[in-house]
Amino acid sequence: SQQGEEDPQALSIQEGENATMNCSYKTSINNLQWYRQNSGRGLVHLILIRSNEREKHSGRLRVTLDTSKKSSSLLITASRAADTASYFCATPRNSGGGADGLTFGKGTHLIIQP
Amino acid sequence: DGGITQSPKYLFRKEGQNVTLSCEQNLNHDAMYWYRQDPGQGLRLIYYSQIVNDFQKGDIAEGYSVSREKKESFPLTVTSAQKNPTAFYLCASSVQGPSGGYTFGSGTRLTVV
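For the protein sequence lines, the chains are A and B, in the order given.
Just so we're aligned: 111 in the working numbering is position 111 of the first sequence, and the numbers increase by one with no gaps anywhere.
Just so we're aligned: 69 in the working numbering is position 69 of the second sequence, and the numbers increase by one with no gaps anywhere.
Rendered as structure tokens:
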């Protein structure tokens, strides 16, 4: 099965700075998704980028996808204390779009220092 | 408001007991999923269902069972055959196909005592 792996495992920055997290995966995908998880809570879907897209924006989030390198990045601009959370990338388990499940990496734990 | 409700939030199980975790959604989603999360780890897929009365094993189905008798409900039973059941369990749902992401419940934390 395909698997995304996030890098770095942990990231601590000052409020107001930008945070960048990376995800690498192993085989071809038709979409890649990013999720946020606050401590002890469920995951929240942030953004989905399709394989024919190179960049996507949502508010302060920017996601890029490089299918030739099998990698994606999530940029959070002008970070806030409320952005403190774990961030996961997810790819479809099989050749489908994710209907038979997503595979998640271990996540990047982001801490925003006030 | 539409969403997924998981209950209970915390659950304690004695050795040898079966326990059932509830997952209910009012999003009219066809597909539902159960994931397990261990500390510092990603999510691992236990079971999923793409349609009522049908479900498939995920990557770590041993020691678990599910049913999908109604579109809104996808309960997970953790059986005594599951050797290490202490974990955080997350239920999710989605529309069919790659048109959007998953909606997750707030999770059930299961502890064996």
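Glycine included, C-beta positions come from ideal geometry on N, C-alpha and C.
Scanning its chain for C-beta atoms nearer than 7 Å, with the 5 sequence neighbours on each side dropped, one finds around B/F88 the residues Q37, G107, R109, in chain order.
Annotated three-state conformation of A/A10 is strand, per DSSP.
For the stretch 23 to 72 of chain A, the full-length beta strand (DSSP E) segments reaching 3 residues or more read 31 to 37, 43 to 50, 55 to 58, 61 to 66 along the chain. In chain order, I76, T77, A78 place their CB closer than 7 Å to the CB of A/R60, counting only its own chain and leaving out the 5 sequence neighbours on each side. Taking A/L48 as reference, the option from A/N31, A/G42, A/A10 with the minimal CA-CA separation is A/N31.
Exposed is the label assigned to B/Q56, since fewer than 16 other Cβ atoms lie within 10 Å of its Cβ. Judged by DSSP in its simplified three-state form, A/D83 adopts helix.
B/Y10 sits exposed, since fewer than 16 C-beta atoms from the chains shown fall within 10 Å of its C-beta. Residue-level contact check: B/F74 does not touch chain A, since none of the beta carbons of chain A fall below 8 Å from its beta carbon. Taking C-beta atoms as the reference points, A/G98 and B/L90 fail to come closer than 8 Å. The alpha-carbon separation between A/E17 and A/A10 amounts to approximately 15 Å.
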